[in-house]
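The opening position of the sequence shown corresponds to residue 36 in this note's numbering, with each subsequent residue numbered one higher. Heads up, the beta-carbon is just placed ideally off N, CA and C, and yes, glycines get one too. Since the structure comes first, as structure tokens, the remarks are kept for the end.
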Amino acid sequence: MPIPATQIAGLANGINGSRQVKPNNLKKLFTKAFRATAVKSIFKSKAKRKPPAEIVRRVRFLLEAVHSLDDNVDPSHFDKMEELDSLLHEVKAMLYGSNECEPAVDACAQLTQEFFRENTFRLIIICLPKLNLEARKDVTRIVANLQRQPVNSRLIASDYLEANSDLMDHLVCGYDDPGLALHYGTMLRECIRHQVVARYVLNSEHMKKFFDHMQIPEFDVAADATATFKELMTRHKSTVAEFLSENYDWFFVEFNAKLLESANYITRRQAIKLLGDILLDRSNSAVMTRYVSSKDNLRILMNLLREASKNIQLDAFHVFKLFVANRNKPTDIVNIIVANRSKLLRFFASFRIDKEHCLFAEDEQFEADKAQVVKEIAELEAKGPLFSGELHKFPGTPTASGELYKLPTTPLSRQVT
């Protein structure tokens, strides 16, 4: 039975002595009590959040409405856009959690199932150009997170993308639009975490487009495309080895001409570092043997050793040493090295790495590798008559400066057999 207001006032008077509590003061007491954290938490706990599946269904409904808008209609005029923005932000919060709480496993599983059940995942990618910047950011993080969400111990995103591989075409083509490239690039890198997706992209015509995407004038877009290309070429070892074996000729023609011999310093630097990562991976031993048996490839590497940048010189050295370490060097490789022996030995005599920018172990390994390379070059004997030409021209001691890129080296003792 409610306590009459007069009795409450009397209690208040008893607490405060003879001081009278006016109705307005009484109202303030109740307001202050309601705002207390303990009381607020009681009322908050009663407010139920919509079930994850219901939230995704509403997102799908709104995305379908956005998708149906004509291209010449400004999406910001869509009267439900604010609600869609809010729901996307809520989905992202459920997947990533917050400072106060970790994401709920069951809720994440329900969200993931619903996204892939009725093509909401497809809609969220297709509709990206019609969303505002903040919504695009949320979508990018949602798509990325869904790739890692297990449902009954399975990554159902992999199965969905295998059946909907055309979405990868859409993501790769996103690099053609500078305003969307970074969003699509981030999503693409998360999708190729799945080996089946990476295999599809590697074997598609899109691979040839990457050599152009990496040279886009917009630096951030080119850098993003390079990051995606590197992910494709290094994440799934067996798939990459198979791809390189089947596509060796066109791939390295493009790689050499457009990347290693690019007029852009950043492109050359990133390319020679990536080439080292590829060739020094054990999974690519057959590709490495083939690469270091080519005089054209040797010419490119010797030219990179001439670079003024020690960053490029050092990474080029880690590839050049593979040509020297090859136990079964073709005749033309041997003769090119012998013809340039004196210049190479002078170069390596003054070739140092900046000890201020490397670990002691890296310096020791570099010196050991360099000593072995010098020994191998000094002991090489020509096979047949030597010939002269531009291919053999190598400088004495390039003058190079700059901070060294810290690249862990691989012992030269791992010779090609």
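Query, Result
"Distance between residue 265 and residue 354 (C-alpha atoms, nearest Å)", "17 Å"
"Pairwise C-alpha distance: residue 176 and residue 299", "32 Å"
"CB contact flag (residue 180, residue 223, <8 Å)", "no"
"Proximity winner among 215, 225, 365, 297, relative to residue 342 (alpha-carbon distances)", "297"
"Contact set for residue 272: own chain, Cβ-Cβ below 6 Å, skip 5 residues either direction", "318"
"Residues near residue 174 by beta carbon distance below 7 Å, same chain, minus five either side", "123, 159, 163, 166"
"Of the listed residues 358, 253, 204, nearest to residue 409 (C-alpha basis)", "358"
"The alpha helix (DSSP H) enclosing residue 256, as first and last residue numbers", "254–269"
"Three or more C-beta pairs below 8 Å linking the stretch 273–289 and the stretch 248–257", "no"
"Spatial distance of residue 241 from residue 248 (CA atoms)", "10 Å"
"Test: residue 127 CB closer than 8 Å to a CB of chain D", "Going by chain labels, chain D is absent from the structure shown, which holds only one protein chain."
"For residue 125, the first and last residue of its enclosing alpha helix (DSSP H)", "116–131"
"Segment contact flag, the stretch 150–158 with the stretch 91–101, C-beta cutoff 8 Å, min 3 pairs", "yes"
"Straight-line gap, residue 405 to residue 285 (C-alpha atoms, nearest Å)", "32 Å"
"Per-residue DSSP class, three states only, for residue 387", "coil"
"Segment limits, alpha helix (DSSP H) that includes residue 165", "Counting along the chain, residue 165 falls outside any alpha helix (DSSP H), and DSSP gives it neither H nor E."
"Beta-carbon separation (whole angstroms), residue 270 vs residue 227, contact threshold 8 Å", "7 Å"
"Short Cβ contact (8 Å threshold) for residue 231 with residue 188", "no"
"Same chain, Cβ closer than 6 Å to residue 283, five either side skipped, listed in chain order", "none"
"Continuous alpha helix (DSSP H) stretch holding residue 139: start and end", "It is not in any alpha helix (DSSP H) - residue 139 carries neither H nor E in the DSSP assignment."
"Neighbourhood of residue 208 by C-beta, 6 Å cutoff - its chain only, sequence neighbours within 5 removed", "none"
"Inter-residue CB distance, residue 157 and residue 199 (contact presumed, cutoff 8 Å)", "6 Å"
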